[in-house]
Every structure is written in structure tokens, then in C-alpha cells.
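In our numbering, each residue's number is its place in the sequence shown (first place is 1) plus 51. We put the beta carbon where it would ideally sit given N, CA and C, even for glycine.
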Amino acid sequence: MGVSVAMAAYNGEKYIKEQVLSILKQLGCSDELVISYDKSADNTYRIISDLAVRDNRIKIFSGPCAGLVKNFENALRHCKNDYIFLSDQDDIWLENKVNHVLNAFESTGADVVLHDCAVVNENAEVLANSFFKLRHCRRGFLFNFLHNSYIGCCMALKRNFLTNVLPFPQNIPMHDQWIGLMAEKRHSVAFVKKPLIKYRRHFGNVTKLKPSKFSDIVKFRLNLISALLKQS
């Protein structure tokens, strides 16, 4: 019952070491941290390479340099273990995250587990104690098609579920919503209402907490509908 952690890295020098160290503390000898590295303009590669020299559980792969979604897809494709945790490069894992999530898989039989998180600023100061409460997160396919609860850094999935989600369709808004919707279709999702990471929000984040423009929302939903129809 090994664990793989899939991380997409790009221009992450400011926070990535702290995040990697918070992850490694929870991994066993046979577990792995798989980093898909998109060529960056900072010292990200030097940092993760130095860490990998000291810990062979870290495995670095060249990314496709085609955006965040494809970078995560590349990381997921290289994961070898039964349970795969998604990880951003700039958050902080809290103690016992892995055990809580594995227990949820075992007790529910779900294909995907989503847990809560505390939202923090660039200095790890708490902005909101619960992302679930902030975004009114809950299960349900239609709800999550319209109001996405699924945030990748709080997700884990079984490796055999990857065949249902990969390759990620072109032009979907984000990979995490896609994974969540595929799990909702199978009624195979478990929510853990406990914050298990510090979810860092800062100027460099790709995703935003504020709603997108209405025109972007319409475009994203049309892209999702197209991808879902092709999947059916």
C-alpha cells in the first residue's frame, strides 16, 4: 500500500524546499515524491536536485513545458504506488495528513479523497481556518460542475483510477475539477472535514480564490461539457 506524491514544479524557489521537507517527514521507505519540473527562470531545479541527492525517494522528471495541467499529468504518469497524493509546490503538509487520508480510503472504499485545509498567506499566517467553509464545499456532480469544491493540493486518488481521468482533456479549466467530476460520476468520493495542509495564497499562485469573470466561467463550463460528452 505504497504512497506516491505528484508535484508540478515551476518557478517555485521561494517555498518548494519547505513543502518538500514537510512531505518527506510523512513518507515511508518505499514511498516516493515525483516532481515534474518545467524549465524555470529561478533556482527551483537546483533546490530540488540538492534535496534528491540526499533522499532517493525524490524522483525528478522533465516536464512538458505546456502549462500546469500538463505538468501535473506528467507527474501522475510517473507515479508507481497504489495511492497518489497531489501536491502544490508552495503549501505545507500538516502532521498525519497521509495517515488520515489512507484511513479514509480504507474506511470508505472511495477512489478519490478530498480533505479540508487552512488558507494562509505567504508568511504561513492563517487567513481562513477552513477552505470547505469558505467555499461551501460539498459532494455532488452538478454542484461541483457549477461550483468546484475540488482543490488539487487537498486531493488523493487510487492509482487504478487514473485510467478514468488521463489524459486530461484539452482546454479544461483545471485538472483537479476534472478528477473530482470523474469521481462524482462513479459516486466514489470521500470528504475529510479536517484541515490537513496549510494552503498558501500569494502573488505567484496560478489559481485564485476570487471568482473568475463571467465570460471566463462560461468558456470554462463549455469546455468541461465538451470534455464530459467525449468521455461518455
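Counterpart residues of residue i in DSSP-defined beta bridges
i      : result
PHE136 : VAL56, ALA207
ARG108 : Beta-bridge pairing links ARG108 to no other residue.
ILE248 : TRP144
Chain-order list of residues whose beta-carbon lies under 7 Å from that of residue i (same chain, five-residue window excluded)
i      : result
ASP142 : GLN70, CYS204, ILE248, LYS249, TYR250, ARG251
LEU208 : ILE135, ASP162, VAL163, ILE230
LYS148 : GLN77, LEU247, ILE248
Sequence-distant residues of its chain with Cβ nearer than 8 Å to residue i (five each side left out)
i      : result
PHE182 : ASP167, CYS168, ALA169, VAL170, CYS188, ILE202, CYS205, PRO246, TYR250
SER81  : GLY53, ASN132
ASN62  : SER91, ALA92, ASP93, THR95, GLY255
LYS236 : PHE192
Chain C contact for residue i (CB, 8 Å cutoff)
i      : result
ARG237 : Here chain C cannot be found, since the structure has a single protein chain.
Burial state of residue i, where buried means 16 or more other Cβ atoms lie within 10 Å
i      : result
GLY160 : exposed
GLN140 : buried
LYS259 : Low confidence applies here, because LYS259 scores a pLDDT of 49, under 50, leaving its location unreliable; read the following figure in that light. Exposed, because fewer than 16 other Cβ atoms sit within 10 Å of the Cβ of LYS259.
VAL99  : Correcting the residue identity first, residue 99 is Ile in this sequence and not Val. So ILE99 counts as buried.
HIS198 : exposed
ILE109 : buried
HIS226 : buried
ASP89  : buried
ASN172 : exposed
Residues near residue i by beta carbon distance below 6 Å, same chain, minus five either side
i      : result
TYR56  : Reading the sequence as shown, one finds Val at residue 56 and not Tyr. Taken in chain order, the residues that qualify are ILE74, LEU84, PHE136, SER138.
VAL152 : VAL164, ALA207
Cβ separation of residue i and residue j, assumed to be a contact under 8 Å, to the nearest whole Å
i      : j      : result
PRO220 : LYS281 : 7 Å
GLU124 : LEU275 : Actually they do not touch by this definition, with Cβ atoms about 17 Å apart.
LEU165 : VAL240 : 7 Å
Taking only runs of the alpha helix (DSSP H) that begin and end inside the stretch 112 to 163, which ones reach a length of at least 4 residues, in chain order? 119 to 128, 148 to 159
- Taking only runs of the alpha helix (DSSP H) that begin and end inside the stretch 167 to 240, which ones reach a length of at least 4 residues, in chain order? 182 to 186, 192 to 197, 226 to 236
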